[in-house]
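If you count by full-length UniProt numbering, then the sequence shown holds residues 1 to 835, one letter each, in order.
Glycine residues also receive a C-beta, built at the ideal position from the N, C-alpha and C atoms.
What follows is a single structure, written as structure tokens, with notes after it.
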Amino acid sequence: MEKISNFIIYSFLVPIVLITINTVSAQTVLPDVSNVNGAYIDESGISNIIYVRQNGGNNANSGKSYNDAKKTITAAFDVALNDLDAGIKTKILIHPGIYRESLGTVDFSLNNNRRHTPLVIEGTNEAQVVWSGADEYAPNTWTNLGNGVYRHNWSYDFGNYTPTFGPKAEVAVRRELVVVNGNMMRQIPLERYNITGGGNFFGNIEPISYEYYGFDDPATSLSDFSFGVAEKDENGNYIYVKVPSGFDWSSANIEVATRYTLGKFEKKNGLVFRKITFKNCANNHDDFGNVGALRFGDSYKCINIKFENCTFTQNSANGLKPNGSHWTLRSCKFNYNGNNGISSSVSKNLLIENCEFNFNNWRGYAFGDRKGGISWYLAGAKIHDCDGVIVRSSKAIGNHSNGLWYDVHVKDVLTDNFISLYNRHGLAIELSNGPYLINRSILAYQLNNPLNYSIIGDANLTNSILLSNSTQRGNNGRDGAALAIQWYDRTDNHASKELVLAKPFITENNIIVKENSTDPGQTIFQDIWPSGSKTENYEYKGIENIYYGAKSSTAFHSSGYGFNPGGDGDLDWWKTAWKVESDNSTWQDPKIADAPNGDFTFENASPVKPKEYYFPQYKLPEAVANEINDFFTWTTWNDKTGSIPSGFTGNIAPSVAIDFETLYHDQIVESDTDLNIKVAAYDDDGTISQVEFYDGATLLGTDSSAPYEYIWVSPPIGTNSITAKAIDNSGASSSHRVTFEVVDSSLSTGSIKPLNDSLKIIPNPTSYNVEILTEARILEIKIVNLTGKTLLYKDYLEGVKKPILDVSELQTGLYLVVARTNSGVTTKKLIVNSK
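Structural data, given as structure tokens:
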């Protein structure tokens with residue numbers, strides 16, 4: 001088979017990207033993504049800045065300086081629209097705070113200046129600038145009913161909603177949301193409904209009916225960390241929350257979603273959102289998912305829209321719906337949303353880079369209720385009816401849905417360096433001529449198939465790892481093959497919109513593995529029903545792939561049509577059945593390092609090792625594995641998936657921190673000083689067996705009982721480090737390392753000034769702002785909690801003497817201010833009072 005290229009270069013307005021492809025056959029049809037460059041917005045020369053400060057701002061101010069800042073985003077928008085009308089490029093700069101407000105509908109079509117002049121909405125810090133759909137319900141406004149149950153008046157009637165083909169579970173049709181101390185509560189239906197009707201694209205559709213049949217007593221129905229609503233007058237119009245015995249309700253932060261969306265934007269060309277978290281909207285799956293935390297016009301679409309370093313999380317339904325043309329999503333997180341992370345529809349020129357789409361569809365799947373919930377039409381990232389798409393260097397992990405789904409009529413698509421783990425399908429492509437190129441991707445450990453093709457045209461899979469351990473069986477009785485290729489005669493309205501012709505499906509230089517041997521143990525499953533004219537050119541071409549599995553004799557399946565006899569067989573049978581020419585693919589163990597525990601690199605003895613640079617190198621971080629475990633437990637995910645990484649199942653690694661009161665990073669210590677180093681260590685799901693103390697690789701000592709400590713007698717002069725390693729009862733461990741400097745005490749008379757004496761924090765205690773005073777110039781300053789976690793950080797390249805810090809977002813308690821100056825490093829206690 002003739003080879004025509006080893007490299008393909010796609011040139012964009014963004015920097016050139018080089019995609020390495022081992023070899024491409026002469027029959028390959030690749031997507032044309034040369035013009036997929038996302039949003040183009042000229043931000044140069046923006047000097048008109050409108051400041052927003054929740055703490056210290058006032059809406060009567062002009063907003064044109066830090067000290068004259070507006071208090072709300074809404075007030076800043078009013079000023080910004082006037083400036084846009086004058087053709088002035090504008091930035092709204094939002095300082096730390098939780099902004100509980102909605103803009104309503106913002107129509108940019110009033111005049112051309114408003115519509116086409118760039119507008120940037122930017123936070124100073126993504127983690128600290130939060131735009132929320134929830135309101136605070138103070139603990140003292142709730143009625144204590146006893147046994148951990150609390151009640152609050154509820155003035156909203158959200159009602160039930162599901163699309164005609166949507167979920168029928170009672171939780172899945174609701175949109176209430178309660179967050180306590182940053183954690184979402186599980187919703188439990190109290191007002192009970194029998195939900196009937198609906199249908200799908202393939203059959204008759206009946207109207208949805210909600211038949212009310214009773215009210216469950218919250219005292220007996222709610223479990224710990226759950227909530228329920230009684231919105232009917234006959235049930236009192238209340239919202240209920242239950243917490244476990246011993247929970248400190250009096251200091252809890254209770255947030256209840258009340259806003260449907262944070263704003264709707266119509267007809268805008270040139271809009272940037274940067275460093276903002278959008279969360280806690282009480283949205284639902286209305287209008288086929290158009291309602292995200294932010295909403296963009298459907299009839300009046302927006303173009304040149306960019307999101308960078310933003311987070312969409314804990315929204316009742318969708319995170320965001322990109323809708324229009326020339327959109328860029330870069331370095332954003334769309335995690336923990338009730339339905340889709342994103343859902344893009346009827347769009348052009350969509351560029352997605354370095355994004356996360358994790359742990360979504362907890363509501364659509366209705367907390368494990370597969371019969372009443374739904375996952376087939378949702379995804380971590382769902383892209384529907386789009387022309388020109390790039391998804392690059394992104395991840396979809398732990399979704400109760402497809403990880404990434406190209407859903408009907410998606411054209412010219414490149415998916416490069418994509419990681420999809422522990423979802424329903426890893427990547428699903430449906431009803432489209434394409435062409436598609438999936439390159440350097442890892443699709444592994446899904447409920448069903450890592451990769452599923454259903455009625456598609458030109459498709460290319462290169463330099464990727466597909467790995468399945470699924471035992472889930474579909475209507476055909478087959479378990480989750482690593483690669484599923486399906487074709488069937490489809491007659492719904494989507495199929496009538498576009499005639500999809502079967503084209504060669506090309507796999508080149510991939511690793512395709514089916515781990516478990518559940519009969520028949522399919523590595524590739526190909527199915528066609530019934531045979532029809534549209535499948536006459538259907539063809540499989542495999543080049544230099546490695547296949548492997550626990551059952552080689554029936555690893556490949558074909559339903560058979562035309563020249564293909566159909567049946568199950570091994571790799572040689574597959575090549576013969578499909579008349580594959582010049583295929584030097586092999587059946588051998590690729591020796592992936594430790595895939596069940598998330599390590600997808602290769603052993604030294606792997607046959608792939610000499611060319612491993614073609615493949616993505618990825619190790620699942622332990623923290624993400626623990627997130628998977630926690631999320632699946634919270635949603636009572638109970639399918640036969642084998643989906644949780646086995647190496648982490650049932651055990652969360654301990655937490656450990658060296659006490660900053662005894663030793664902090666970069667501290668200066670005089671020689672002949674004995675250091676009494678204390679450590680805080682705890683384990684969420686077990687006990688601490690011991691804490692080990694190391695100087696580099698040298699074990700200094702151990703302590704097996706709290707409080708954990710070690711006395712280091714006269715550490716040597718020079719740069720030293722000490723590592724505290726906590727080990728739990730199951731053998732998992734975590735470490736914390738601190739570096740410090742020991743100086744010769746005989747030479748230090750007067751040279752080591754106790755900086756604490758010259759460092760002052762005013763006021764202390766405080767609730768809002770503090771001023772740091774010192775004789776030295778401060779180069780770097782951070783505020784940490786007593787476990788050593790940094791909560792606020794500032795650096796000053798030129799050095800300052802009187803920086804002001806906003807600590808209003810810190811919880812009430814004791815903290816440490818660590819300052820690095822041109823004279824050394826010092827620390828001082830800070831007390832934050834209640835607001």
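| Item | Value |
| --- | --- |
| Quick one, are the C-beta atoms of residue 327 and residue 342 less than 8 Å apart? | no |
| Considering only DSSP beta bridges, list what residue 405 is partnered with. | 382, 428 |
| Tell whether a beta-carbon distance below 8 Å holds between residue 314 and residue 336. | yes |
| Taking 6 Å as the limit between beta carbons, can you name the residues of its chain near residue 54, skipping five residues before and five after? | 97 |
| Would you check whether the ligand NAD has a heavy atom nearer than 7 Å to the C-beta of residue 778? | Within the structure as shown, the ligand NAD is missing, as the structure has no ligands at all. |
| Looking at the secondary structure, which residues open and close the alpha helix (DSSP H) in which residue 81 lies? | 73-85 |
| Less than 8 Å between the beta carbons of residue 380 and residue 401, yes or no? | yes |
| At the level of alpha carbons, what is the spacing between residue 439 and residue 743? | 54 Å |
| Output the boundary residues of the beta strand (DSSP E) element that contains residue 91. | 90-94 |
| If we ignore side chains and look at the alpha-carbon of each, how far apart do residue 122 and residue 82 end up? | 18 Å |
| Only counting the same chain, and skipping five residues up and downstream in sequence, which positions put a Cβ closer than 7 Å to that of residue 831? | 764, 765, 814 |
| Alpha carbon to alpha carbon, what distance is there between residue 316 and residue 378? | 14 Å |
| Can you tell me where the beta strand (DSSP E) with residue 153 in it begins and where it stops? | 149-153 |
| Within 10 Å of its beta-carbon, does residue 818 have 16 or more other beta-carbons around it, so buried, or fewer, so exposed? | buried |
| Quick check: residue 804 and residue 771, are their CB atoms within less than 8 Å of each other? | yes |
| Quick check: what's the CA-CA separation for residue 426 versus residue 449? | 7 Å |
| Give me the Cα-Cα distance between residue 140 and residue 250, rounded to the nearest whole angstrom. | 7 Å |
| Mind the definition here: the stretch 497-511 touches the stretch 450-469 only if three or more C-beta pairs lie below 8 Å; say whether that holds. | yes |
| How is the beta strand (DSSP E) around residue 443 delimited, first residue to last? | 442-444 |
| For residue 173, count neighbouring C-beta atoms within 10 Å of its own C-beta (all shown protein chains included) and say buried if the count is 16 or more, exposed if not. | buried |
| Using three-state DSSP, classify residue 142 as helix, strand or coil. | coil |
| Nearest to residue 207 by alpha carbon, out of 526, 215, 195? | 195 |
| Just the C-alpha distance for residue 137 and residue 333, rounded to the nearest angstrom, thanks. | 27 Å |
| What would DSSP say about residue 218, mapped onto helix, strand or coil? | helix |
| Kindly confirm or deny that the stretch 350-369 and the stretch 385-401 touch, where touching means at least three C-beta pairs closer than 8 Å. | yes |
| Residue 212 by DSSP, collapsed to three states: which one? | strand |
| Going by beta carbon distance, what residues of the same chain come within less than 6 Å of residue 186, once the five residues before and after it are set aside? | 226 |
| In the stretch 761-819, which residue ranges form an unbroken beta strand (DSSP E) of at least 3 residues, counting only runs that do not cross its ends? | 769-773, 778-784, 790-800, 804-806 |
| Where do the ends of the beta strand (DSSP E) carrying residue 543 lie? | 539-543 |
| If you follow the beta strand (DSSP E) that residue 740 is part of, which residue opens it and which one closes it? | 733-743 |
| For residue 589 and residue 619, which I take to be in contact (beta-carbon distance under 8 Å), what is that distance rounded to the nearest angstrom? | Going by Cβ atoms, the distance from residue 589 to residue 619 rounds to 20 Å, so no, they are not a contact pair. |
| Report buried or exposed for residue 171, applying the criterion of at least 16 other Cβ atoms within 10 angstroms of its Cβ. | buried |
| Can residue 488 and residue 455 be called in contact, C-beta distance under 8 Å? | yes |
| In chain order, what residues of the same chain have a beta carbon less than 6 Å from the beta carbon of residue 268, not counting five sequence neighbours either side? | 108, 302 |
| Taking C-alpha atoms, which residue in 801, 816, 800 lies nearest to residue 807? | 816 |
| By DSSP, does residue 720 sit in helix, in strand, or in coil? | strand |
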